[in-house]
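Line by line, the protein sequences give chains A and B. Using the working numbering, read the first sequence as starting at 4 and increasing by one per residue. Using the working numbering, read the second sequence as starting at 4 and increasing by one per residue. See below for the structure under consideration.
There are 2 protein chains.
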Amino acid sequence: MSLMTEPVSFDSRQRLIRAAAEAFMEEGYRASIDRIAVRAGVARQTVYNHFPSKDDLFSEVARVAAGAILVSLDGDGIDLRARLLRFGAVLRQRLIGDEGLAMFRILSAEVPRFPALGVAYFDKGPGQVVRWLADFLGRAMNDGLLRRDDPQFVAELLLSMLECFDRTRRLFGAPLPAASGEAERVARIIDCFLRAYAPEHDPRNLS
Amino acid sequence: MSLMTEPVSFDSRQRLIRAAAEAFMEEGYRASIDRIAVRAGVARQTVYNHFPSKDDLFSEVARVAAGAILVSLDGDGIDLRARLLRFGAVLRQRLIGDEGLAMFRILSAEVPRFPALGVAYFDKGPGQVVRWLADFLGRAMNDGLLRRDDPQFVAELLLSMLECFDRTRRLFGAPLPAASGEAERVARIIDCFLRAYAPEHDPRNLS
DNA sequence: CTTGGATTAGACTGTACAGTCTAATCAGCC
DNA sequence: GGCTGATTAGACTGTACAGTCTAATCCAAG
Chain A
4 MSLMTEPVSF DSRQRLIRAA AEAFMEEGYR ASIDRIAVRA GVARQTVYNH
54 FPSKDDLFSE VARVAAGAIL VSLDGDGIDL RARLLRFGAV LRQRLIGDEG
104 LAMFRILSAE VPRFPALGVA YFDKGPGQVV RWLADFLGRA MNDGLLRRDD
154 PQFVAELLLS MLECFDRTRR LFGAPLPAAS GEAERVARII DCFLRAYAPE
204 HDPRNLS
Chain B
4 MSLMTEPVSF DSRQRLIRAA AEAFMEEGYR ASIDRIAVRA GVARQTVYNH
54 FPSKDDLFSE VARVAAGAIL VSLDGDGIDL RARLLRFGAV LRQRLIGDEG
104 LAMFRILSAE VPRFPALGVA YFDKGPGQVV RWLADFLGRA MNDGLLRRDD
154 PQFVAELLLS MLECFDRTRR LFGAPLPAAS GEAERVARII DCFLRAYAPE
204 HDPRNLS
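So, in structure tokens, the structure goes:
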């Protein structure tokens with residue numbers, strides 16, 4: 004998590020942001036400027052040289068964090084299921100990994116005091132993932148690989164399926180369901196999704 | 004916010020808990036004992052007559068909140084789809100309604116400081132809903148109304164589908180997808196679920 | 001009326017913190 | 001060397017707050 008010590012004051016700004024992120028993730032907004040400064044190996048005044056206030060530092064941390072949850076859908080040449088499996092596995096790391104979880108905690112808690120920040124974060128982070136996924140799924144529908152439906156809705160549905168209650172569980176510190184490894188869980192979810200969105204070719208269809 | 008003035012000191016404990024819940028939902032853990040007391044129409048010392056510390060008051064609020072998110076699956080006599088629709092609609096009120104959202108925000112943020120509380124909340128609230136739903140779905144599987152699978156997994160999957168990214172969206176203050184009313188959204192989700200979990204060979208359970 | 005438990009306002013303590021200010025120091029660069 | 005801008009430690013201010021204490025007051029039940 005922490006970078007090895009670089010030449011002090013190479014770029015204290017980056018180290019500050021990183022240290023602040025860690026501190027906020029551990030302590031929430033309670034993390035004091037002093038502790039953040041110590042963590043960054045920097046004087047308190049230096050913090051204020053870079054950021055006018057704690058709120059500004061926090062906003063900067065959130066901005067960086069938004070980029071950190073992006074998951075691409077790269078993977079030409081492999082089939083739909085394999086691509087979704089890969090996507091799902093990475094997405095779940097982002098959603099229920101320690102770092103993503105901690106960021107989610109503090110951001111969702113503080114958003115009421117930073118409304119604009121909340122929207123911006125959503126838009127550059129989770130919202131962006133939805134857009135990419137919707138785009139991807141829309142193309143798969145056009146290729147006849149998936150049942151036709153509103154891609155945005157389907158993307159959101161798939162994302163929540165992948166989350167599969169595990170984020171809630173982990174947020175409250177409840178143990179994850181004993182069973183089977185991550186990979187298997189992702190596979191079960193994706194297969195369930197593909198069953199629901201199989202192309203309509205076969206005789207019976209509802210709609 | 005305030006209930007009509009009851010005979011003062013009828014049961015200041017209940018009024019305190021309610022006031023504290025409102026204050027915590029608005030301000031997070033920042034809500035001060037003083038403001039909570041004012042809100043309850045009570046002296047600060049009275050708060051300490053009932054709860055040894057702010058943390059204890061907070062824990063009590065969380066305990067009450069856990070019970071408030073429960074959703075039953077009552078509804079004998081109507082078919083599976085109708086029951087799920089009803090369940091889904093109520094569940095979504097709990098998940099993405101203002102109150103549930105605010106509680107989720109503060110609880111998930113504070114859980115790291117109250118690990119036992121987090122687990123207890125999960126167990127009496129969300130965890131209980133999962134158990135009920137798993138039980139219900141398990142019975143539907145036995146009745147041949149649903150494809151056979153691990154009921155716990157399916158319950159969790161259905162819950163996350165119902166949440167459908169809307170909680171995340173609302174947590175960050177992003178607008179809900181313009182489209183169609185709640186009822187239609189629930190129906191789309193439930194129908195998608197029923198498609199994925201139609202009995203394997205004889206799909207005969209939609210209205 | 002009297003008594004006892006709950007309640008009240010308000011003063012008080014100690015702590016944590018954001019943010020400012022200053023004077024000294026360090027770094028690279030001419 | 002000497003200049004410049006960033007950095008440093010530490011003192012300082014003002015505020016918010018949890019929690020305690022006290023002395024007065026209310027209220028219900030005997």
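In this text, a Cβ means the ideal position worked out from N, Cα and C, and glycines have one as well.
Proximity of the region 156-173 of chain A to the region 86-103 of chain A meets the contact definition, three or more beta-carbon pairs being nearer than 8 Å.
Annotation: Asp153 (chain B) to Val114 (chain B) spans about 29 Å, alpha carbon to alpha carbon. Residues of the region 150-171 of chain A with a Cβ closer than 9 Å to any Cβ of chain B, in chain order: Arg150, Asp152, Asp153, Gln155, Phe156, Val157, Ala158, Glu159, Leu160, Leu162, Ser163, Met164, Leu165, Glu166, Cys167, Phe168, Asp169, Arg170, Thr171. The region 47-60 of chain B and the region 69-85 of chain B do not touch, with fewer than three beta-carbon pairs separated by less than 8 Å. The way I'd put it, the region 104-113 of chain A doesn't touch the region 132-142 of chain A; fewer than three beta-carbon pairs between them come closer than 8 Å. CA-CA distance, Asn145 (chain B) to Glu203 (chain A), rounds to 27 Å. Interface with chain A (7 Å Cβ-Cβ cutoff): Ala69 (chain B) is excluded.
Under the Cβ distance rule, Val93 (chain B) does not count among the residues neighbouring chain A, no pair being separated by less than 7 Å. Between the alpha carbons of Leu98 (chain A) and Thr171 (chain B) lies a distance of about 11 Å.
Burial of Ser15 (chain A) is indicated by the presence of at least 16 other C-beta atoms within 10 angstroms of its C-beta.
Between His53 (chain B) and Asp101 (chain B), the alpha-carbon positions lie close to 28 Å from each other. By the neighbour-count criterion, in which a residue is buried when 16 or more other Cβ atoms sit within 10 angstroms of its Cβ, Glu159 (chain A) is buried.
Shown here, Ile81 (chain B) sits in coil according to DSSP, grouped into three states, outside any helix or strand. Inter-residue distance for Leu83 (chain B) and Leu174 (chain B) is about 31 Å (C-alpha atoms, whole angstroms). When 7 Å is used as the limit between beta carbons, Leu174 (chain A) is near these residues of chain B: Ser111, Val114, in chain order. Pro154 (chain A): member of the alpha helix (DSSP H) spanning 154-166, first to last residue. Under the Cβ distance rule, Val122 (chain A) counts among the residues neighbouring chain B, one pair being separated by less than 7 Å.
Taking 7 Å as the cut-off, the beta carbon of Ile39 (chain B) is found closer than this to the beta carbon of Ala22 (chain B). Leu104 (chain A) and Glu29 (chain A) have their C-alpha atoms spaced approximately 11 Å apart. Arg42 (chain B) places its beta carbon less than 7 Å from that of Ala26 (chain B). About 15 Å separates the beta carbons of Leu161 (chain B) and Asp169 (chain B), which is beyond the 8 Å limit, so they are not a contact pair. Counting along the chain, Asp59 (chain B) sits inside the alpha helix (DSSP H) bounded by residues 57-71. For Leu104 (chain B), the enclosing alpha helix (DSSP H) starts and ends at 101-113. By the rule that beta-carbons nearer than 7 Å mark a contact, Ala199 (chain A) touches chain B.
In chain order, Leu140 place their CB closer than 6 Å to the CB of Val157 (chain A), counting only its own chain and leaving out the 5 sequence neighbours on each side.
Rounded to the nearest angstrom, the Cβ distance from Met106 (chain B) to Ala143 (chain B) is 30 Å, too far for a contact under 8 Å. Chain B has a Cβ within less than 7 Å of the Cβ of Pro118 (chain A).
Taking a beta-carbon distance threshold of 7 Å, Ala190 (chain A) does not count as an interface residue toward chain B. An exposed status is given to Pro118 (chain A), since fewer than 16 other beta-carbon atoms sit within 10 Å of its beta-carbon. Not a single C-beta of chain A is nearer than 7 Å to the C-beta of Phe90 (chain B). The Cβ atoms of Leu73 (chain A) and Val189 (chain A) do not sit closer than 7 Å to each other. When DSSP states are grouped into helix, strand and coil, Ser15 (chain A) belongs to the helix group. Nearest to Gly147 (chain B) by alpha-carbon distance, out of B:Ala85, B:Arg66, B:Tyr200, B:Leu19, is B:Tyr200. DSSP, read as helix, strand or coil, puts Pro118 (chain A) in helix. When the five nearest sequence neighbours on each side are left out, the beta carbons in the same chain lying within less than 7 Å of the beta carbon of Lys127 (chain B) are those of Ala69, Gly70, in order along the chain.
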